[in-house]
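Structure, as C-alpha cells:
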Amino acid sequence: LVHHQRSHTGEKPYECGQCGKSFTTSSCLRSHQKTHSDVKPFECSLCGRRFRVSSSLRRHQSTHTGD
Numbered sequence: 001l002v003h004h005q006r007s008h009t010g011e012k013p014y015e016c017g018q019c020g021k022s023f024t025t026s027s028c029l030r031s032h033q034k035t036h037s038d039v040k041p042f043e044c045s046l047c048g049r050r051f052r053v054s055s056s057l058r059r060h061q062s063t064h065t066g067d
C-alpha cells in the first residue's frame, strides 16, 4: 500500500549514491544501480552477447527467434 501511495504523492525516498536519481522503491533503486556496473552475468546462448539484467537478455533473444 505504501508503494502505491507513493505513486500518487511523488515521494521517492531511495536515492542512487552515484548519480542522485531517486526511486519510489528499494527494488527499483537496486535495479537502477546495475546500470553503473560493468558486471553482465546474463549471456545469450546463441551469440554470446552479455547483459546486466535478465529482462534485457529476454528482449535480445527475440531478435534470434523473431518473436
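Under the UniProt record's numbering, think of the first position of the sequence shown as 1, with each following residue one higher.
Here a beta-carbon is modelled for each residue, glycine too, at the ideal position from N, C-alpha and C.
Whether residue i touches residue j by CB criterion (8 Å)
i: H32; j: K21; result: yes
Rounded Cβ spacing between residue i and residue j (contact assumed at less than 8 Å)
i: L1; j: Y14; result: The Cβ separation is near 17 Å, so there is no contact.
i: residue 92; j: K12; result: Any property of residue 92 remains undetermined from this structure, which presents the chain solely from 1 to 67.
i: R59; j: S37; result: The pair is not a contact, with the Cβ atoms about 19 Å apart (cut-off 8 Å).
i: F42; j: S54; result: 5 Å
Report the residue ranges of all alpha helix (DSSP H) runs contained in full by the segment 25 to 56; include only those spanning at least 4 residues, in chain order. Positions of the alpha helix (DSSP H) runs, each at least 4 residues long and wholly inside the segment 25 to 56, are given as 26 to 33 in order along the chain.
Run through the UniProt domain "C2H2-type" (1 to 13) for me and flag every whole alpha helix (DSSP H) of 4 or more residues, listed as ranges in chain order. Fully enclosed alpha helix (DSSP H) runs of 4 or longer: 2 to 9.
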